[in-house]
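Colleague:
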Amino acid sequence: MDFRLSDEQIEWRDLCHRFAVEVMRPVAADYDRSQEVPWPVIGEARKWKLSGLDWIQKMATDNDGLDGIIYQEELNWGCAGLALAIGASSLAVAGIASSGTPDQIAKWIPECMGIGDDIKLGAYAVTEAGAGSDVASLRTTAKRDGDEWVLNGTKVFISNGGIADVTVVVATVDPKLGHRGQASFVVPKDAPGISQGKKEDKLGIRASQTAEVVLEDCRIPLDNLLGGLDKLEKKLERARSGESTGRQSGALATFEMTRPLVGAGALGIARAAYEWTMEHLEDKSEGGTPVLELQRYQQVLADVATEIESARLLVWRAAWMGRAGLPMTGGQGSMSKLKAGDVAMWATTTLMDLVGDYSQTTECPLEKWFRDAKIFQIFEGTAQVQRLVISRMQREEIQGRLKAAAEAVQQPVAA
Ligand SMILES: Cc1cc2nc3c(=O)[nH]c(=O)nc-3n(C[C@H](O)[C@H](O)[C@H](O)COP(=O)(O)OP(=O)(O)OC[C@H]3O[C@@H](n4cnc5c(N)ncnc54)[C@H](O)[C@@H]3O)c2cc1C
1003 MDFRLSDEQI EWRDLCHRFA VEVMRPVAAD YDRSQEVPWP VIGEARKWKL
1053 SGLDWIQKMA TDNDGLDGII YQEELNWGCA GLALAIGASS LAVAGIASSG
1103 TPDQIAKWIP ECMGIGDDIK LGAYAVTEAG AGSDVASLRT TAKRDGDEWV
1153 LNGTKVFISN GGIADVTVVV ATVDPKLGHR GQASFVVPKD APGISQGKKE
1203 DKLGIRASQT AEVVLEDCRI PLDNLLGGLD KLEKKLERAR SGESTGRQSG
1253 ALATFEMTRP LVGAGALGIA RAAYEWTMEH LEDKSEGGTP VLELQRYQQV
1303 LADVATEIES ARLLVWRAAW MGRAGLPMTG GQGSMSKLKA GDVAMWATTT
1353 LMDLVGDYSQ TTECPLEKWF RDAKIFQIFE GTAQVQRLVI SRMQREEIQG
1403 RLKAAAEAVQ QPVAA
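Here the sequence shown is numbered in my numbering, starting from 1003 and rising by one per residue.
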């Protein structure tokens, strides 16, 4: 086992960190206040090849699965809101890549990112009021009308909602079939009937636009159904006949692979808060702080550092398993996101306690990291839902192991 980063990974980490220091940190507080879309930062990320097709290619050819993790930790160290503004289009890209035909992938992925200096954005719209964790109960409908699909419904809390050039919408074609009656549709921004609803005024990650996406008799061509009509009809037929498709376990496996990336973002915030607090307390101690007070600081800082390291190990392991094609049947991906999200929230709170009253002012950067941390316990599966997934996967894995062991005992021993 070797936990060291390669020279290339160190070079990549340094590039991402330099971007965070030079481009993100100087403007993070301004965008946090104004909640404007940070177009200049998104543009700079493209110039640095930290977004767009170059970046997708780098992620696709990452041998150990760590490049994406390093990128997320460093950019979220810079500013979690700006990091999501730069990266939210990749949610749409992932939706297209996982469900689209090769022709759809070639056509629509560039439309989610743009090519060269031409910046485009994508959004991935699943959540509705009353259907967040419980995605089986989506109410947005897609009905076929001749050569078109007609979409109706309202998506809420959508990153890049209303400003995306392409929105991938998950809608139900047959509500009776729950998640098996759903499909994904590509909706370009000029499609008739799509509009932006309320833009959210958020607690944290305020540089990333979050808004409702309203679909009122929104018409799109038949070809915009990801995966195509034949595939959908077969899937619906199987669902109606009660035959298992294995789709849900496929979706779960995909989530296990994407969750470490979100966990890495949470780690970036926790690390930023930890590093800042350490320096702040050192500066404060220069005038002479009593030994007992210094030891109290050290106790807390050591706990925070240890928690960050443990979360990072879970994140790295899950990312490596995902890239190596090892099934995360024990919920390792969910564990990594759960732990990192909880560590970010706990660390920012604990460090604020240590710093004291100054941490309650907007002058103190801990205040922003504390607000930014919360979302990591909510999106991409809430902390509570991660626990359900982990406990179910653990139970299945342990029962499987015990059953195999019991069967092995019953086998006659070879002579
Ligand atoms: C800033 C931001 C950006 C987002 N970006 C996107 C995006 O780009 N695209 C998108 O589709 N969505 C997005 N979302 C939505 C996000 O994915 C949902 O908020 C999340 O899935 C939780 O759903 P919910 O808010 O409806 O909460 P609910 O599912 O209603 O849950 C409410 C509470 O109940 C708990 N709970 C729910 N079910 C259970 C259970 N069975 N057992 C125990 N506890 C349970 C939850 O953990 C939570 O604490 C975003 C949200 C935010 C805040």
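Here a beta-carbon is modelled for each residue, glycine too, at the ideal position from N, C-alpha and C.
Owing to the predicted nature of the structure, the values given are computational and were not obtained by experimental measurement.
Taking just the CA atoms, how far does Ser1287 sit from Met1357?
Modeller: Note on residue identity: the sequence assigns Val, not Met, to residue 1357. If you take the alpha carbons of Val1357 and Ser1287, they lie about 12 Å apart.
Colleague: What residue does the alpha helix (DSSP H) around Ser1091 start on, and which one ends it?
Modeller: Ser1091 -> alpha helix (DSSP H) spans 1091 to 1101.
Colleague: Within this structure, are the beta carbons of Ala1144 and Cys1081 separated by less than 8 Å?
Modeller: No, these two residues do not count as a Cβ contact at 8 Å.
Colleague: Can you check which of these residues, Ala1138, Ala1166, Asp1149, is closest to Pro1177 by C-alpha distance?
Modeller: Ranking Ala1138, Ala1166, Asp1149 by Cα distance to Pro1177 puts Ala1138 first.
Colleague: From the DSSP output, in three-state form, read off Ala1125 for me.
Modeller: Note: Ala1125 maps to strand in three-state DSSP.
Colleague: What is the DSSP secondary structure of Pro1329, counted as helix, strand or coil?
Modeller: Correct three-state label for Pro1329: coil.
Colleague: Report all residues from its chain with a CB closer than 6 Å to the CB of Ala1272; omit the five preceding and five following residues, and keep chain order.
Modeller: Cβ neighbours of Ala1272 beyond the five flanking positions: Ile1310, Val1345, Ala1346, Ala1349.
Colleague: Met1003: buried (16+ other C-beta within 10 angstroms of its C-beta) or exposed?
Modeller: That one is exposed.
Colleague: When you compare only the Cα positions, how much space is there between Glu1239 and Gln1413?
Modeller: Glu1239 and Gln1413: Cα-Cα distance of roughly 41 Å.
Colleague: What distance in whole Å lies between the Cβ atoms of Arg1182 and Ala1241, which are believed to be in contact at a cut-off of 8 Å?
Modeller: Yes, they are in contact, since the Cβ atoms of Ala1241 and Arg1182 sit about 4 Å apart, within 8 Å.
Colleague: I need the straight-line Cα distance from Gly1324 to Ile1111, nearest angstrom please.
Modeller: Each residue's Cα considered, the two are about 22 Å apart.
Colleague: Grab me the residues of Cys1114's own chain with a C-beta within less than 6 Å of its C-beta, minus the 5 sequence neighbours each way, in chain order.
Modeller: Only Ser1091, Ala1094, Val1095, Gly1124, Val1168 meet the Cβ criterion.
Colleague: Provide the residue span of the beta strand (DSSP E) that contains Glu1218, from first to last.
Modeller: Looking at the DSSP string, the run of the beta strand (DSSP E) that includes Glu1218 is 1212 to 1223.
Colleague: For the alpha helix (DSSP H) holding Asn1154, just list the boundary residues, first then last.
Modeller: Premise fails: Asn1154 lies in the beta strand (DSSP E), 1150 to 1161, not in any alpha helix (DSSP H).
Colleague: Between Met1061 and Glu1075, what straight-line distance do the alpha-carbon atoms span, to the nearest angstrom?
Modeller: Those two C-alpha atoms are separated by around 15 Å.
Colleague: By the three-class DSSP mapping on this structure, what secondary structure does Arg1146 have?
Modeller: Strand, per DSSP.
Colleague: Cα separation between Gln1211 and Phe1257?
Modeller: Gln1211 and Phe1257: Cα-Cα distance of roughly 23 Å.
Colleague: What first and last residue would you give for the alpha helix (DSSP H) that runs through Gly1335?
Modeller: Segment 1334 to 1357, the alpha helix (DSSP H) holding Gly1335.
Colleague: In terms of DSSP beta bridges, what is Phe1187 paired with?
Modeller: Phe1187 is bridged to Val1171, Leu1227.
Colleague: Applying the criterion that 16 or more other CB atoms from any shown protein chain within 10 Å of the CB defines a buried residue, is Ala1268 buried or exposed?
Modeller: Classification for Ala1268: buried.
Colleague: Let me check one thing: in DSSP terms, what residues is Lys1286 bridge-paired to?
Modeller: Lys1286 pairs with nothing; no bridge assigned.
Colleague: Please determine whether the Cβ atom of Leu1093 lies at a distance below 7 Å from any heavy atom of ligand 3.
Modeller: Ligand 3 is not part of the structure shown, which contains ligand 1 as its ligands.
Colleague: Check whether the segment 1383 to 1399 touches the segment 1332 to 1342, taking contact to mean three or more Cβ pairs, one atom from each stretch, closer than 8 Å.
Modeller: The segment 1383 to 1399 vs the segment 1332 to 1342: in contact.
Colleague: Could you give the DSSP three-state label for Ser1008: helix, strand or coil?
Modeller: In the structure shown, Ser1008 sits in coil (DSSP, three-state: anything other than H, G, I, E or B).
Colleague: DSSP three-state call for Ile1107: helix, strand or coil?
Modeller: If DSSP states are grouped into helix, strand and coil, Ile1107 belongs with the helices.
Colleague: Is it buried or exposed for Phe1005, if we count other Cβ within 10 angstroms and need 16 for buried?
Modeller: Its Cβ having fewer than 16 others within 10 Å, Phe1005 is exposed.
Colleague: Note down the Cα distance separating Asp1192 from Ser1100, rounded to an integer number of angstroms.
Modeller: So the two alpha carbons sit approximately 24 Å from each other.
Colleague: With H, G and I counted as helix, E and B as strand and the rest as coil, what does DSSP make of Ile1207?
Modeller: If DSSP states are grouped into helix, strand and coil, Ile1207 belongs with coil.
Colleague: Which residues in the same chain have their Cβ closer than 6 Å to the Cβ of Leu1263, if we skip the five residues on either side of it in sequence?
Modeller: Same-chain partners within the cutoff: Gly1070, Gln1074.
Colleague: May I have the straight-line CA-CA distance separating Gly1054 from Val1170, to the nearest angstrom?
Modeller: Their Cα atoms are separated by approximately 17 Å.
Colleague: Bridge partners of Gln1198, per DSSP?
Modeller: Gln1198 pairs with Val1215.
Colleague: Which residues in the same chain as Leu1368 place their Cβ atom closer than 8 Å to its Cβ, once the five residues preceding and following it in sequence are excluded?
Modeller: Ala1275, Trp1278, Thr1279, Thr1350, Leu1353, Met1354, Val1357, Ser1361, listed in sequence order.
Colleague: With distance defined between alpha-carbon atoms, name the residue in Asp1359, Ser1312, Leu1328 nearest to Leu1340.
Modeller: The shortest C-alpha separation from Leu1340 is found at Ser1312.
Colleague: Suppose the cutoff is 7 Å on Cβ atoms and the five residues either side in sequence are ignored; what does the same chain contact list for Trp1057 look like?
Modeller: Result list for Trp1057: Lys1051, in chain order.
Colleague: In terms of residue numbering, what span does the alpha helix (DSSP H) encompassing Gly1080 cover?
Modeller: 1069 to 1080 is the extent of the alpha helix (DSSP H) around Gly1080.
Colleague: Rounded to whole angstroms, what is the Cα-Cα separation between Ser1161 and Glu1024?
Modeller: Each residue's Cα considered, the two are about 25 Å apart.
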